[in-house]
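Please read the structure below before turning to the comments.
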Amino acid sequence: MLSRTQKAHLVEEIGERLKKAKTVVLTDFKGLKVEEINELRRNLRKEGVEYKVVKNSVICLAGKDTPLEQIKDEICGPNALAISYGDPATLAKVLIQFREKNDRFKLKTGFSEGKILTLEEIETLAKLPSREVLVAQLLGTMSSPPRQLVNLLYNIIGKFLYLLEAIKKEKENREV
0 MLSRTQKAHL VEEIGERLKK AKTVVLTDFK GLKVEEINEL RRNLRKEGVE
50 YKVVKNSVIC LAGKDTPLEQ IKDEICGPNA LAISYGDPAT LAKVLIQFRE
100 KNDRFKLKTG FSEGKILTLE EIETLAKLPS REVLVAQLLG TMSSPPRQLV
150 NLLYNIIGKF LYLLEAIKKE KENREV
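Note that numbering that gives the first Met the number 0 has the sequence shown beginning at 0, numbered continuously upward.
Structure, rendered in structure tokens:
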């Protein structure tokens, strides 16, 4: 049993994590075995995500002044928080993959960078490529027009030089 000061410290600690987090997903782990929860924790830890089983009262108190406050209605039954400080798509992918293997595991709702996420939005996030891949695709798209312009100018110069070479050969043939 935690003392009053320990509970206050826990609420403060979880609150700070929620404020720093980019993405948080509320999950229902009812019916899962300890080994399965530990497997989920390992998978999430590899991606830099925390998975905390927290009492509902602590979640409600810690969630004040965070987007979690807007989803109080979902906080019932056994809950755990998946807290990510990085790429939201990575968190969603790990949770969706785990849910596919364990049908008792349920995703409820969450938030990402202040926006409330529905289950459908979490599933959509899981289908997205990682942030790094998206940035690389964007840079590739942005570099395409300048590259095409350079190729176009190179081709014009190349054709011009080919034309000059043809004129030179024709004049040489006439002189001979």
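Glycine is no exception: its CB is placed at the ideal position from the N, C-alpha and C atoms.
This one's a predicted model, so the numbers in the text were calculated from it and none came from an experiment.
Could you give the distance in angstroms between the alpha-carbon of GLU35 and the alpha-carbon of PHE97?
For the purposes of this step, residue 35 is taken as the residue at position 36 of the sequence shown. For the purposes of this step, residue 97 is taken as the residue at position 98 of the sequence shown. Approximately 9 Å between the Cα atoms of the pair.
Helix, strand or coil at THR4 according to DSSP, with G and I counted as helix:
Along the sequence shown, one-based indexing puts residue 4 at 5. In this structure, DSSP gives THR4 a helical state, which the three-state scheme calls helix.
Top-ranked residue by Cα proximity to ASP86, from LEU162, THR26 and LYS45
By one-based count along the sequence shown, residue 86 stands at place 87. Nearest of LEU162, THR26 and LYS45 to ASP86, Cα basis: LYS45.
Could you name the residues of the same chain whose beta carbon sits closer than 7 Å to that of VAL57, not counting the 5 residues immediately before and after it, in chain order?
Stepping through the sequence shown from its first residue, residue 57 is reached at position 58. Excluding sequence neighbours, VAL57 sits near LEU9, VAL10 and ILE13.
Reduced DSSP category for LEU127 - H, G, I as helix; E, B as strand; rest coil:
Against the sequence shown, residue 127 aligns to sequence position 128. Of the three classes helix, strand and coil, the one that applies to LEU127 here is coil, per DSSP.
Which whole-angstrom value describes the C-beta separation of GLN31 and ASN78, a residue pair presumed to lie in contact below a C-beta threshold of 8 Å?
By 1-based counting over the sequence shown, the position of residue 31 is 32. By 1-based counting over the sequence shown, the position of residue 78 is 79. For the sequence presented, residue 31 should be read as Leu rather than Gln. Incorrect: roughly 13 Å between the Cβ atoms, too far for contact.
C-alpha gap between LYS167 and PRO145, whole angstroms:
Here the question's residue 167 lines up with position 168 in the sequence shown. Here the question's residue 145 lines up with position 146 in the sequence shown. For LYS167 and PRO145, the distance between alpha carbons rounds to 33 Å.
Leaving aside the five residues before and after GLU99 along the sequence, list all residues of the same chain whose C-beta is less than 6 Å from its C-beta, in chain order.
By one-based count along the sequence shown, residue 99 stands at place 100. So no residue of the chain qualifies.
Just curious, the beta strand (DSSP E) that VAL23 is in, first and last residue?
To locate residue 23, count along the sequence shown from 1; it is residue 24. 22 to 27 is the extent of the beta strand (DSSP E) around VAL23.
By a C-beta neighbour count over all protein chains shown, 10 Å radius and 16 as the cutoff for buried, is ALA165 buried or exposed?
Translated into the one-based positions of the sequence shown, residue 165 becomes position 166. So ALA165 ends up on the exposed side.
CA-CA distance, LEU151 and GLY109?
The sequence position of residue 151 within the sequence shown is 152, counting from 1. The sequence position of residue 109 within the sequence shown is 110, counting from 1. C-alpha separation (whole angstroms): 49 Å.
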